[in-house]
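In case it helps, the working numbering puts the sequence shown at residues 248 to 635. All residues carry an ideal CB built from backbone N, CA and C; glycine is no exception. The structure displayed is predicted, hence computed values, not measured ones.
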Amino acid sequence: MRVYHQTGFRDKWNIESFQKGIGDGIIFSPINIDADKLLALEPKLKQTGFLDPQLYLLNEAKGTLDTYPYFPGNIKPDFSTPDLDYSHIQLAELCVDYQVKNDFQYLLIPTRYYADNPSSFFIQSTDYFVTPFCDTVKEKGIDKSILLSVIVKEIMLSDEEKRNEVLNWITGHQDINGVYLIFENNFSTKQVKDFEYLLNVLRFIKVLKDNQLEIHIGYTNTEALIFSITMPASVTMGSYENLRSFGIKRFQELENGRMRAPRARLYSSKLLQWVDYQYIEAMRELMPSYEEYFDDSEYRPLMFEPEYNWHFQKPEPYKHYFHVFNNQIKSLPRRQSERIDFIKTTILNAIELYRNIEKNVLLDDDSNGSHLPTWFNVINAFQKELNG
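Here's what the structure looks like:
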């Protein structure tokens, strides 16, 4: 299973880590990198990854999105949905051509975002994006795998009729090789703790896998470990939280108000959690062996210096995470049954470590192991279904 860098703001950290051999490829973000700058990047940075076209909001030009030739506003000023009736082929050609010029490993079919999908959503998506995109690839004789972008809303997992509709739509396309799945995340907690939601995600992926589709899961946080038991082709790792969970606000031109800066956190593969640095400081004072709970990396010595100034905009915690999480994913067994048992054991070990920590340092719900019992139960339930 591959690990892709989900890039965004400060993609330099991802690129520098990838150049050190951390991760298998990069997913590039048009709102964060100018089209010409991306074209000028050295080919080896792009040949194992792909571009997310990010046409989620058809005519909203966040960041550098309008520098891309396929951006609808470059085809026609004030572009709107009705314009797709006669511009969809041109848009597809421009989108395909740009991706081919960069020689990405995969070609991605864009998708749109709606707060509530209209009844015609799947028909329009096929007519405006899927068909013209696949036809363009065929006509140009391009020999690259095609991935269909799909945003999966919570209701598509919980409502059987809607779930079947989206699954039938995805599997009905014969010219695609796989799916770039994006699970919309509206949860307020740092880690997903909803049993039914997580189990339904696993079931959803399994159906697509059973249809011989290559599954790439974007915007994943630590729950990528749970998703891994469905044996997808890849998961992702991102620096900031909005790159580890998908929310449409990242792509909207919102008025700049004063935002509360998040606390710096450090990822621990042993605890399966991002721990608030304040608790790390408390552990330093109260637990002589506190370092044992955190993974080694070239960045750890600096971060564990008493005078280190923790801040969410410093690169070390994220580059440490890339190193640690990539190694964690690569350590997973290749066989599904063994992987399931391995992750369950990892969860049980983490729960025991939390018991030791909380004899001395109490943690809040966004730094403790409160998500782990749910995760264990989800894996057990999925394993039971696999075994019939």
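Query, Result
"8 angstroms Cβ cutoff met for P357 and L304", "no"
"Burial state of L285 (16 or more Cβ within 10 Å)", "buried"
"Rounded Cβ spacing between S256 and Y487 (contact assumed at less than 8 angstroms)", "It is Phe, not Ser, that sits at residue 256 in the sequence shown. That belief holds up - the Cβ atoms of F256 and Y487 are roughly 7 angstroms apart, short of 8 angstroms."
"Exposure label - Y361; buried when at least 16 CB within 10 Å", "exposed"
"Any 3 or more C-beta pairs closer than 8 angstroms across the stretch 422-430 and the stretch 459-470", "yes"
"Opposing strand residues paired with G425 [DSSP bridges]", "L394, E461"
"Burial state of T592 (16 or more Cβ within 10 Å)", "exposed"
"Three-state class that DSSP yields for E408 in the structure shown", "helix"
"Residues sharing a beta bridge with M484, DSSP", "H252"
"Q630 in three-state terms, based on DSSP", "helix"
"Distance CB(E532)-CB(Y546) smaller than 8 angstroms", "no"
"Collapsed DSSP secondary structure at E431 in the structure displayed", "strand"
"Of the residues F569, S392, S614, S617, the one placed nearest G485, counting alpha carbons only", "F569"
"Local Cβ density within 10 Å of T477, reported as buried at 16 or more and exposed below that", "buried"
"Backbone secondary structure at R586 - three-state DSSP", "helix"
"Counted within 10 angstroms of its Cβ, other Cβ atoms place D406 as buried (16 or more) or exposed", "exposed"
"Inter-residue CB distance, A597 and L472 (contact presumed, cutoff 8 angstroms)", "Actually they do not touch by this definition, with Cβ atoms about 11 angstroms apart."
"Cβ contact check for the stretch 613-627 and the stretch 520-529: 3 or more pairs under 8 angstroms", "yes"
"Min CB distance I273 to chain D below 8 angstroms", "Judged by its chain identifiers, the structure shown contains no chain D, having just a single protein chain."
"Spatial distance of Y353 from M530 (CA atoms)", "45 angstroms"
"Residue span of the beta strand (DSSP E) that contains Y353, given as start and end", "353-356"
"From I452, Y565, Q421, residue whose alpha carbon lies closest to that of L490", "Y565"
"Start-to-end residues for the alpha helix (DSSP H) that takes in S264", "258-266"
"Range covered by the beta strand (DSSP E) that runs through F275", "272-275"
"DSSP three-state assignment for L513, whether helix, strand or coil", "strand"
"Through-space distance from M248 to I576, alpha-carbon basis", "8 angstroms"
"Proximity below 8 angstroms, CB of G272 to CB of T254", "no"
"Stretch-stretch touch, CB-based, cutoff 8 angstroms, three pairs: the stretch 548-560 with the stretch 439-453", "no"
"Cβ-based burial, D283 [other Cβ within 10 Å; buried from 16]", "exposed"
"Contact check, S475 vs G425, beta carbons under 8 angstroms", "no"
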